[in-house]
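Okay, structure first, notes after.
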Amino acid sequence: MKKNNKILEFMANNSRPLSSIGYFVLLMVIFFIGAPEVMIKVNLHQSVFIMLPIIVFMVVPLVFVITAGEIDLSFASTFGVAAYVFALLVKLGIDPLLCLIIGVLSGGIIGICVGSLIVYGKISSLVASLGALFLMRGFLFVSSNSKSITFVEVRDHWMYELLVGKFYGFPMQIFWATLFTIFSYYLYRKHVFGIHVHHVGDNADSAAQMGINVNWVRIGVFAYAGLGAAFAGIFSSLINFTWWPTQGFGYLLLALAAVFIGGTPTWGGVGTVVGAVFGVGVVAYMETGVVAIGMSGVWRQFFNGLIIILAVLGHRFHGTRIR
Amino acid sequence: MNSLIELKNVTKKFGGITALKSASLKMDKGEVVGLIGDNGAGKSTLIKTLVGVYSPDSGEIFIRGEKIRGWTTAKAREAGIETVFQDRALCPQQSIVWNIFMGKELKYPFGLIKEKKQIAEANKLIREIGFTSELIDAESPVGNLSGGERQGVAIARAIYNKAELIILDEPTTALSLMETQKVFDFVNNVKSSGRSVLFIGHNIYHVYDISDRFILLDRGEVVHQLDKDDVRSPEELMKVMKAAVDKYH
Chain A
959 MKKNNKILEF MANNSRPLSS IGYFVLLMVI FFIGAPEVMI KVNLHQSVFI
1009 MLPIIVFMVV PLVFVITAGE IDLSFASTFG VAAYVFALLV KLGIDPLLCL
1059 IIGVLSGGII GICVGSLIVY GKISSLVASL GALFLMRGFL FVSSNSKSIT
1109 FVEVRDHWMY ELLVGKFYGF PMQIFWATLF TIFSYYLYRK HVFGIHVHHV
1159 GDNADSAAQM GINVNWVRIG VFAYAGLGAA FAGIFSSLIN FTWWPTQGFG
1209 YLLLALAAVF IGGTPTWGGV GTVVGAVFGV GVVAYMETGV VAIGMSGVWR
1259 QFFNGLIIIL AVLGHRFHGT RIR
Chain B
142 MNSLIELKNV TKKFGGITAL KSASLKMDKG EVVGLIGDNG AGKSTLIKTL
192 VGVYSPDSGE IFIRGEKIRG WTTAKAREAG IETVFQDRAL CPQQSIVWNI
242 FMGKELKYPF GLIKEKKQIA EANKLIREIG FTSELIDAES PVGNLSGGER
292 QGVAIARAIY NKAELIILDE PTTALSLMET QKVFDFVNNV KSSGRSVLFI
342 GHNIYHVYDI SDRFILLDRG EVVHQLDKDD VRSPEELMKV MKAAVDKYH
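Those sequence lines, one after another, are chains A and B.
According to our numbering, the first sequence holds residues 959 to 1281 in order.
According to our numbering, the second sequence holds residues 142 to 390 in order.
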């Protein structure tokens, strides 16, 4: 009896991530029933897992942003800028590891700038990050003259195999994205920064009255989103040996959808990192699964839309905001 | 001996409105001071300036005789001042334990939280302040608690941090008789342990019962200060206060 209670308590405390896992499993079941012969093929999953970790890098930090009661759109361009910094430095002949470090840091710095604009300029994060999104993308077009950069030479560097090589057929980026997720989970639930993110998103006035530096927390979440987007951009460039000017733009709405499908509500104060990862699973498999079960690719967006609405309706059963 | 805290000629303006006008006050160790005044007298502004939520436009703040620069809520808490704000300063979606340790978490190096210790301490605290329900433990969200229980969480936070000065802003508003009595017991406990309380209230009877000294605030100014020995009843206190306001303005 006592054991049963423990299980029920665990389920009640983790209803958001658990239902997000539920949606993922449900989707997989549908695809398996729809096209078992395609879904049992390992290479389909291998191909999904090439890009899925990239989305994880973007989405997990967005959980922090949305829990803090903010929104970020600029990450989709930070993705491009950080990868651009990386590509330019590689082309200059600098050691790719150093290029990676500088590229990732550039993402963090962009995040700090966007966060500072929001905090000290006192403007809404939706508008500020929208502006930053276009501004940075515009800069990339102008600066690169709309031309892509190819850097096949990184393939010979030891870092390439370690970061995006293959391990028994599965891409290494899965390992790095998993590590990033575990780190983020601890940062979100067990570290003072993550706990302050929850407080600020729940009631920023109370947080300030209790001595939490609300401005720093807000800037911090944007910096983390910048770091995540930079990882995503650089990994994506490494996979393709190429940087191109529109890189990352297509992930904008998909990444945000994954956060909400994953069970993080829009109002701030609560959220789930684990749920978001399964939200990524849903959007990533949707991209390939729809075609796999024999439907035309034109249905993809339709089903993406449908699952967002159904998932968010489902998450409503976890209750509305407690005040 | 230096006062625990002292405000000297503190002024705070919001736009064109002067919420505090050259206000001065002192608090010593082990005393309970009642701060009284009408709505809009500037009580909450005074408190929020005292604890660093607002920074004063002019004037000085001294802690144990030392002049403070760049006064913030974090510094006030470090200096041993805890506040139970009128709105209780809680995060309703978060657990009781996260609320109790909000802003002063128990940490390992690198900022990881001592989760088990926090939960154990919080469970002990909420039993101490009289939570009896089996359904509530340290991990329950604050949003599921009643008004009195939420007040209890805000007070538990002040108790845990063993503050030298505890500021209670309208602590008895919307509380039942029993809950109000609990707040009074708490104030008496704090006082008998040699610490100080600044008690802000609308209800003159509550303030009279509990305080050793009274400060009257009106239209942003400290218009009168008196000891409990100077008056014999809440009614007399009220009369003295009214006369002081009339004389001052």
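We put the CB at the ideal spot given by N, CA and C, even for glycine.
Considering only the beta carbon of each residue, do V1006/A and A1234/A sit closer than 7 Å? Residue numbering aside, residue 1006/A sits at position 48 when the first sequence is read from its first letter. Residue numbering aside, residue 1234/A sits at position 276 when the first sequence is read from its first letter. When the beta-carbon positions are compared, V1006/A and A1234/A stay at least 7 Å from each other.
With a cut-off of 7 Å, does the C-beta of N143/B fall near any C-beta of chain A? Counted from its first residue, the second sequence places residue 143/B at position 2. Chain A contact via Cβ: absent.
Could you tell me which residues DSSP pairs with V173/B in its beta bridges? The sequence position of residue 173/B within the second sequence is 32, counting from 1. Per DSSP, V338/B.
Determine the direct distance from the alpha carbon of A1215/A to that of M959/A, and round the result to whole angstroms. If you number the first sequence from 1, residue 959/A lands on position 1. If you number the first sequence from 1, residue 1215/A lands on position 257. The pLDDT assigned to M959/A is 47, lower than 50, so where the model puts this residue is not dependable, and the model offers no usable value.
Would you list, in chain order, the members of the segment 211-230 of chain B that have their beta-carbon closer than 9 Å to a beta-carbon of chain A? Flagged, chain order: T213, T214, A215, K216, A217, R218, E219, T224, F226, D228, R229, A230.
Applying a beta-carbon distance threshold of less than 9 Å, which residues of chain A neighbour G284/B? Residue 284/B sits at position 143 when you count from the first residue of the second sequence. For G284/B, the chain A residues whose Cβ falls inside 9 Å of its Cβ are R1279, I1280, R1281, in order along the chain.
For T1139/A, which three-state DSSP category applies? The residue you call residue 1139/A lines up with position 181 of the first sequence. Three-state result, T1139/A: helix.
Following the continuous alpha helix (DSSP H) through L1211/A, name the residue where it begins and the one where it ends. Residue 1211/A sits at position 253 when you count from the first residue of the first sequence. 1209-1219 is the extent of the alpha helix (DSSP H) around L1211/A.
H1149/A in three-state terms, based on DSSP: Counting from 1 along the first sequence, the entry for residue 1149/A is found at position 191. Strand, per DSSP.
I254/B: contacting residues in chain A (beta-carbon distance under 8 Å): Indexing the second sequence from 1 puts residue 254/B at position 113. Within chain A, K1148, H1149, V1150, I1153 have C-beta atoms less than 8 Å from the C-beta of I254/B, given in sequence order.
Taking the C-alpha atoms as reference points, what is the distance between L126/B and A384/B? The question about residue 126/B has no answer here: the residues shown for chain B are numbered 142 through 390.
Identify the residues that DSSP records as bridge partners of E223/B: which are they? On the second sequence, position 82 is the one that residue 223/B refers to. Assignment of beta-bridge partners to E223/B by DSSP yields I307/B.
Kindly indicate which residue of F1109/A, S1087/A, T1278/A has the alpha-carbon position closest to the one of S1032/A. As a first step, residue 1032/A is located in the first sequence; it is residue number 74 there, counting from the start. Of all alpha-carbon atoms in F1109/A, S1087/A, T1278/A, the one lying nearest the alpha-carbon of S1032/A is that of S1087/A.
Beta-carbon proximity list for A299/B, same chain, < 8 Å, skipping 5 on both sides: Here residue 299/B refers to the residue found at position 158 of the second sequence. Cβ within range, chain order: E223, T224, V225, I307.
Select from the segment 1161-1173 of chain A all residues with a C-beta closer than 8 Å to any C-beta belonging to chain B, and list them in chain order. Hits within the stretch, in order: N1161, D1163, S1164, A1165, A1166, Q1167, M1168, G1169, I1170, N1171.
Determine whether the Cβ of Q383/B lies closer than 7 Å to any Cβ atom of chain A. Here the question's residue 383/B lines up with position 242 in the second sequence. Note on identity: in this sequence residue 383/B is Lys, with Gln being the wrong assignment. Closer than 7 Å: no.
Pull up the CB-CB distance for I254/B and K248/B, whole angstroms please, since I reckon it's below 8 Å. The residue labelled residue 254/B in the question sits at position 113 within the second sequence. The residue labelled residue 248/B in the question sits at position 107 within the second sequence. 6 Å between Cβ atoms; contact.
For F1099/A, which option in M986/A, V1039/A, R1147/A has the closest C-alpha, if you only look at C-alpha atoms? Translated into the one-based positions of the first sequence, residue 1099/A becomes position 141. For the residues M986/A, V1039/A, R1147/A, the minimum Cα distance to F1099/A belongs to V1039/A.
Does any residue of chain C have a CB that is nearer than 7 Å to the CB of V194/B? Checking the listed chains, one finds no chain C in this structure; the protein chains it contains are A and B.
Which chain B residues are close to V1228/A, counting only those with a beta carbon under 9 Å from its beta carbon? Residue 1228/A sits at position 270 when you count from the first residue of the first sequence. Taking a Cβ-Cβ threshold of 9 Å, the residues of chain B close to V1228/A are Q234, Q235, in chain order.
On the premise that G284/B lies in contact with I1280/A, defined as a C-beta separation below 8 Å, what is that separation, rounded to the nearest angstrom? Translated into positions along the first sequence, residue 1280/A becomes position 322. Translated into positions along the second sequence, residue 284/B becomes position 143. Between G284/B and I1280/A the Cβ distance is about 3 Å, and since that is below 8 Å, they are a contact.
Starting from I300/B, follow the alpha helix (DSSP H) in both directions and report where the run begins and ends. Position 159 of the second sequence, counted from the first residue, corresponds to residue 300/B. That run of the alpha helix (DSSP H) goes 288-301.
Below-7 Å beta-carbon distance, H1276/A vs any chain B residue: Here residue 1276/A refers to the residue found at position 318 when the first sequence is read from its first residue. Among the residues facing chain B, H1276/A is not included, as its CB has no counterpart in that chain under 7 Å away.
Straight-line CA distance for E967/A to V294/B? As a position in the first sequence, residue 967/A is number 9, starting the count at 1. As a position in the second sequence, residue 294/B is number 153, starting the count at 1. Rounded to whole angstroms, E967/A to V294/B spans 23 Å at the Cα level.
Min CB distance H1156/A to chain B below 7 Å: One-based indexing of the first sequence puts residue 1156/A at position 198. Yes - at least one Cβ of chain B is within 7 Å of the one on H1156/A.
3-residue-minimum beta strand (DSSP E) runs that sit fully inside the segment 1035-1075 of chain A, ordered along the chain: The beta strand (DSSP E) runs lying completely inside the segment 1035-1075 of chain A and spanning 3 residues or more number zero.
Kindly give me the distance between the Cβ atoms of G1159/A and G1027/A, rounded to whole angstroms, as I take these residues to be in contact under 8 Å. Walking along the first sequence from the start, residue 1159/A turns up at place 201. Walking along the first sequence from the start, residue 1027/A turns up at place 69. That pair is a contact at about 4 Å.
Should T152/B and K167/B be called a contact, given that it needs their Cβ atoms to be closer than 7 Å? The count along the second sequence starts at 1 and reaches residue 152/B at position 11. The count along the second sequence starts at 1 and reaches residue 167/B at position 26. No, Cβ-Cβ distance for T152/B and K167/B is not below 7 Å.
Nearest-angstrom beta carbon gap, H1149/A and G183/B [assumed within contact, 8 Å]: If you number the second sequence from 1, residue 183/B lands on position 42. If you number the first sequence from 1, residue 1149/A lands on position 191. Wrong, their Cβ atoms sit about 39 Å apart, outside the cutoff.
Looking only at its own chain, which residues have a Cβ that is under 6 Å from the Cβ of L1055/A, when we skip the five neighbours before and after it? Here residue 1055/A corresponds to residue number 97 of the first sequence, with the count starting at 1. Once the five neighbours on either side are set aside, the close Cβ partners of L1055/A are M1117.
In terms of alpha-carbon separation, which member of E376/B, V238/B, R205/B, I277/B lies closest to Q259/B? Working through the second sequence from its first residue, we reach residue 259/B at position 118. Nearest C-alpha to Q259/B: V238/B.
Pull up the distance between the alpha-carbon of M1253/A and that of H1003/A, whole angstroms please. In the first sequence, the residue the question calls residue 1253/A occupies position 295. In the first sequence, the residue the question calls residue 1003/A occupies position 45. Within the model, the alpha-carbon separation for M1253/A versus H1003/A is close to 18 Å.
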